[in-house]
Amino acid sequence: MAHELPPLPYAYNALEPHLDEQTMRIHHDKHHAAYVNNLNAALEKHPELQGKGLDDLLKDLGRVPEDIRTAVRNNGGQHYNHSMYWQVMAPNAGGAPSGPIADAIRAAFGSFEAFKDQFSKAAVGRFGSGWGWLVKDGGKLAIEATSNEGCPLMEGKVPLLVVDVWEHAYYLKYQNRRADYVGAWWNLVNWAEVNRRFK
Ligand code: MN
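So the number in the numbering used here is just where the residue sits in the sequence shown, counting from 1, plus 1206.
Here it is, written out as structure tokens:
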């Protein structure tokens, strides 16, 4: 069974003014769609892998045949990361978290503000293309920034929150001002989804 591009869980213009409609259309319909198509094209060479879920492929890339491993890593990683990025955003969201994730963030980073500051620095400071993450690593929360297609699942960690810092995620509206984009993105964080992943 082929991997599929999930529809956005809201309208293309639902995240305005923080993320503009044109960026969302191109990002989802062109960039994300291409990763899904390229992942499926790679897997056509190994039909025995076509029944495997995306998580399983990424958690155990060493078992993916070498001739398609880079293609699966690149396109599968990007498919996973984008699917999650759409879900951890929502209209009328953002603000401070509540529930179990709020307590865990306070315990790990001292305060929500300290966490936000550290996460923003990691995401904004990622050199080149990549992603900013909150992950569960063993029992504890950690912030990291991966490059290109890197995904914490590949390192045995549980991804809880992600922001895309590839230029295609923000360039139309924010040009080179990645910090402004990340600052605005906090208004979109879907903490209910982060809590669901944390449980
Ligand atoms: Mn992207």
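Quick reminder that beta carbons are idealized off the backbone N, C-alpha and C, glycines included.
Kindly identify the DSSP beta-bridge partner or partners of Trp1337. In the sequence shown, residue 1337 corresponds to position 131, counting from 1. Answer is Thr1352 and Asp1370.
Tell me the DSSP bridge mates of Asp1343?
-> Against the sequence shown, residue 1343 aligns to sequence position 137. Partner(s): Lys1346.
message = Output needed for Glu1210: all residues of its chain with C-beta closer than 8 angstroms, excluding positions within five of it in sequence on either side, in chain order.
response = Counting from one through the sequence shown, the residue named residue 1210 turns up at place 4. Val1242, listed in sequence order.
| Rounded to whole angstroms, how far is the Cβ of Pro1297 from the Cβ of Tyr1216, which I believe are closer than 8 angstroms? | Stepping through the sequence shown from its first residue, residue 1297 is reached at position 91. Stepping through the sequence shown from its first residue, residue 1216 is reached at position 10. Confirmed, Cβ separation roughly 6 angstroms.
Quiz item: Apart from the five residues just before and just after Glu1399, which ones in its own chain have a Cβ nearer than 7 angstroms to its Cβ?
Solution: Position 193 of the sequence shown holds residue 1399. These residues qualify, in order along the chain: Gln1293 and Val1294.
Once you ignore the five residues that flank Asp1261 on each side, which residues in its own chain have a CB closer than 8 angstroms to its CB?
Residue numbering aside, residue 1261 sits at position 55 when the sequence shown is read from its first letter. Correct list, in chain order: Tyr1286 and Leu1359.
Next on the checklist: Are there any heavy atoms of the ligand MN lying less than 8 angstroms away from the beta-carbon of Trp1372, as far as the coordinates show?
Outcome noted: Stepping through the sequence shown from its first residue, residue 1372 is reached at position 166. Yes; taking the cut-off as 8 angstroms, the Cβ of Trp1372 has a heavy atom of the ligand MN nearer than that.
- request: Thinking Pro1282 and Leu1255 are a contact (beta carbons under 8 angstroms), I'd like their distance in whole angstroms, please.
  value: Here residue 1282 refers to the residue found at position 76 when the sequence shown is read from its first residue. Here residue 1255 refers to the residue found at position 49 when the sequence shown is read from its first residue. The sequence as given places Gly at residue 1282; Pro does not occur at that position. About 10 angstroms separates the CB atoms of Gly1282 and Leu1255; that is not less than 8 angstroms, and the two are not in contact.
Starting from Val1364, follow its DSSP beta bridges and name the residues at the other end. In the sequence shown, the residue the question calls residue 1364 occupies position 158. According to DSSP, which records beta bridges pairwise, Val1364 is partnered with Lys1342.
How about Tyr1291: is its Cβ closer than 8 angstroms to a heavy atom in the ligand MN? Locating residue 1291 in the sequence shown gives position 85, counting from the first residue. Annotation for Tyr1291 indicates a beta carbon within 8 angstroms of some heavy atom of the ligand MN.
By alpha-carbon positions, which one of Phe1315, Ile1274, Gly1268 and Ser1289 ends up nearest to Met1230? Position 24 of the sequence shown, counted from the first residue, corresponds to residue 1230. By alpha-carbon distance to Met1230, the top candidate from Phe1315, Ile1274, Gly1268 and Ser1289 is Ser1289.
Margin query: Can you check which of these residues, Trp1397, Val1278, Pro1213 and Met1207, is closest to Pro1306 by C-alpha distance?
Written below: Within the sequence shown, residue 1306 is the residue found at index 100, counting from 1. Looking only at Trp1397, Val1278, Pro1213 and Met1207, the smallest Cα-Cα distance to Pro1306 is reached by Trp1397.
_Separation of Ile1311 from Val1371, as counted between CA atoms_ = For the purposes of this step, residue 1371 is taken as the residue at position 165 of the sequence shown. For the purposes of this step, residue 1311 is taken as the residue at position 105 of the sequence shown. It is roughly 22 angstroms from the alpha-carbon of Val1371 to the alpha-carbon of Ile1311.
Where the alpha helix (DSSP H) through Lys1236 begins and ends
Along the sequence shown, read from residue 1 onward, the residue named residue 1236 stands at position 30. Membership of Lys1236 in any alpha helix (DSSP H) is not indicated, and neither H nor E is assigned to it by DSSP.
Can you find a heavy atom of the ligand MN that lies under 8 angstroms from the Cβ of Ala1375?
Mapped onto the sequence shown, residue 1375 falls at position 169. True, at least one ligand heavy atom lies under 8 angstroms from that Cβ.
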